[in-house]
Every structure is written in structure tokens, then in C-alpha cells.
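J.:
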Amino acid sequence: MKDIHLIDIRQAILSDNDNEADKIRAGLKEHKTFMLNLMASPGAGKTSLVMAIIKALSPCFKIGVIEGDIDSIVDAEKVSEQGVPVVQLRTGGACHLDAPMIAASLEKLNWKELDLVIIENIGNLVCPAEFDTGANVRVMMTSVPEGDDKVLKYPLMFSVCEALVINKIDYLPDPGFDIETLKKRVRNLNKAIEMFPLSCRKGEGVQVFTDWLAVQIEEVKA
111 MKDIHLIDIR QAILSDNDNE ADKIRAGLKE HKTFMLNLMA SPGAGKTSLV MAIIKALSPC
171 FKIGVIEGDI DSIVDAEKVS EQGVPVVQLR TGGACHLDAP MIAASLEKLN WKELDLVIIE
231 NIGNLVCPAE FDTGANVRVM MTSVPEGDDK VLKYPLMFSV CEALVINKID YLPDPGFDIE
291 TLKKRVRNLN KAIEMFPLSC RKGEGVQVFT DWLAVQIEEV KA
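Our numbering puts the first residue of the sequence shown at 111, with every later residue one more than the last.
#1: Apart from the five residues just before and just after I119, which ones in its own chain have a Cβ nearer than 7 Å to its Cβ?
#2: Count the other C-beta atoms from every protein chain shown that fall within 10 angstroms of the C-beta of K260, then say buried if there are 16 or more, exposed otherwise.
#3: I want to check one thing, is the minimum distance from the CB of V247 to the heavy atoms of the ligand MN below 7 Å?
#4: Name the two residues that bound the continuous alpha helix (DSSP H) containing P210.
#5: Cα separation between E272 and M250?
#6: Can you check DSSP and say which residues form a bridge with G178?
#7: Is DSSP giving A245 helix, strand or coil here?
#8: What is the rounded straight-line gap between the Cα of D185 and the Cα of K156?
#9: Since A230 is in the beta strand (DSSP E), which residue starts that stretch and which ends it?
#10: Under a three-way DSSP split, which group does S269 fall into?
#11: Nearest to L235 by alpha carbon, out of C170, Y264, E187, D128?
#12: Grab the span of the beta strand (DSSP E) containing F319 for me, first residue to last.
#13: Using alpha carbons as the reference points, say which of E140, R248, D288 lies closest to V270.
#14: Which residues does DSSP pair with D258 in a beta bridge?
#15: Would you say the segment 141–159 touches the segment 218–231, given that touching needs at least three Cβ pairs under 8 Å?
#16: Between which residues of its own chain and F319 is the CB-CB distance below 7 Å, once the five residues before and five after are set aside?
#17: Helix, strand or coil: which one does DSSP assign to L151?
#18: According to the Cβ coordinates, are G244 and R135 closer than 8 Å?
#19: Nearest by alpha-carbon distance to W221: which of V296, P195, N298, E314 is it?
#20: Can you tell which of L138, G233, T291 has its C-alpha closest to the C-alpha of G257?
#21: Enumerate in chain order the residues of its own chain whose CB-to-CB distance from H206 is below 7 Å, with the five nearest sequence positions on each side excluded.
#22: Nearest-angstrom Cα distance between N127 and I176?
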């Protein structure tokens, strides 16, 4: 029997991606540009949060957005109406954005002139958590209708993020969601994570998050 040569494709792909992400990170640091990677399941409210960030911070910071979708340009059109530059990434089936995609998008955004780049990743709680984009901060978004057990089903996503946005708190009280249970489960995985309960629709709690984000941006620019 001949020798079998095993090639770990996944590790090779992740290694190449990490190298590209490191280059992106170095460039962002050099030009004092802050990048946020926003991840969530479909329907959690990512685009609503992106538009809330733009409304709150565009008077103070130059903002650009990278929109990731499997298909369509609906979200990119919504964001573009806010008066900020947008790059739409249509993956045609890929369930995440990776560092090479982000590098190509940054060039089209003229990112060196921006203070903040927001990545709205593809709606998925698995693959996006595995691929480093070079972002300064990874923000995971969940919502009340999704229940308080998402952290048990998708632990990696909650483990790797620096911040968690809990959207749609205007749905509370909800018999399928206990916010303290969610917070406890998240803390068991990630003690350092910042958590922001809010409602993009009602505006409740949004300023607390955008104020926190503004501080992160200012620290990079200092």
C-alpha cells in the first residue's frame, strides 16, 4: 500500500487568512483607522445598528461600510442613503467574509481617509467567528426573539468577540428569553466581553453603545 499524504486544508486556509489579517491590522494601526466586524444571525438587526452608528458618529468621524451578503444589494442601498461610502461584497454562497475580501474592499473604500470602517458580516453564527478580518473589535449581535440559549449552541462566536449587542429589548418581557440568564452564560465563556442591551427600533440603549464605540475610535486615533 502506498503512503497516504494528508493535507489539512482548513488549517492552511486559516493560516493564509491570518497572515492577510495581520497585514490589514498593521495598516489600520499605521493610519489610525478603526475597524469593527459586526456578526450576527440573519434578522438580528445588523443593518439597523450600522445605520444607528452612522447617525450617531458621522458628525464626528469619517465612516465607511463593507456590506457582506450572499446575494442582493438591499442592505448596501439602505446604508448608502445615509451618505457614507459603501462597498458591497456578494459572496454567491460563501457564508463568511475573510481577510482577502476585506483587503480588496478597503482599497475601494479609500480607507486611509476614514476614521471608522464597519464590516457588516454575512448572517451566520459559525464561519464568521473563525475568520480574522483584521478588525480592531469584533461585535456579536443577538436579539430577544432568538432566545437566551444561542450562547450554548454557538459558543465560539460569543468567546471571540469583545462586545455583545443584545437587540430588540423592546420585545421584553418574553417567556423564551431571560436577559440575566443570557448574561451569565456569556460571562462563563468570556469574562471580558462588554454587553449592550438595546433596541435599534426604539433607540433605547443605543447611545450607550455608540458612546463606547466612540471611545474605542478615539483611543486608536490618539
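We treat Cβ as the ideally placed atom computed from N, Cα and C, and that holds for glycine.
T.: Judging by the given coordinates:
#1: Low confidence applies to I119: its pLDDT is 48, below 50, so where it sits in the model is not reliable, and the reading given next is rough at best. Taking C-beta separations shorter than 7 Å and ignoring five residues to either side along the sequence, I119 has no partners in its chain.
#2: With 16 or more other Cβ atoms within 10 Å, it is buried.
#3: Absence of the ligand MN from the depicted structure is noted, as is the absence of any ligand whatsoever, leaving it without description.
#4: For P210, the enclosing alpha helix (DSSP H) covers residues 209–219.
#5: CA-to-CA, the gap between E272 and M250 works out to about 8 Å.
#6: Partner(s): L199.
#7: If DSSP states are grouped into helix, strand and coil, A245 belongs with coil.
#8: Approximately 10 Å between the Cα atoms of the pair.
#9: At residue 230 the sequence reads Glu, which differs from the Ala that was named. First-last of the beta strand (DSSP E) with E230: 226–230.
#10: DSSP places S269 in helix when its eight states are reduced to three.
#11: When only C-alpha atoms are compared, the closest one is Y264.
#12: It is not in any beta strand (DSSP E) - F319 instead sits in the alpha helix (DSSP H) that spans 316–331.
#13: It is R248.
#14: BP columns for D258 are empty, so no partner.
#15: The answer is yes - the segment 218–231 touches the segment 141–159, with three or more Cβ pairs under 8 Å.
#16: The residues are V275, F306, L308.
#17: Checking the sequence, you will find Ser at residue 151 rather than Leu. Coil.
#18: Against a cut-off of 8 Å, the Cβ pair of R135 and G244 comes out as a contact.
#19: Closest option to W221, judged by alpha-carbon separation, among V296, P195, N298, E314: P195.
#20: Measuring from the Cα of G257, the nearest candidate turns out to be T291.
#21: Only N231, I232, N234, C237, P238, F241 meet the Cβ criterion.
#22: Spanning the two alpha carbons is a distance of roughly 18 Å.
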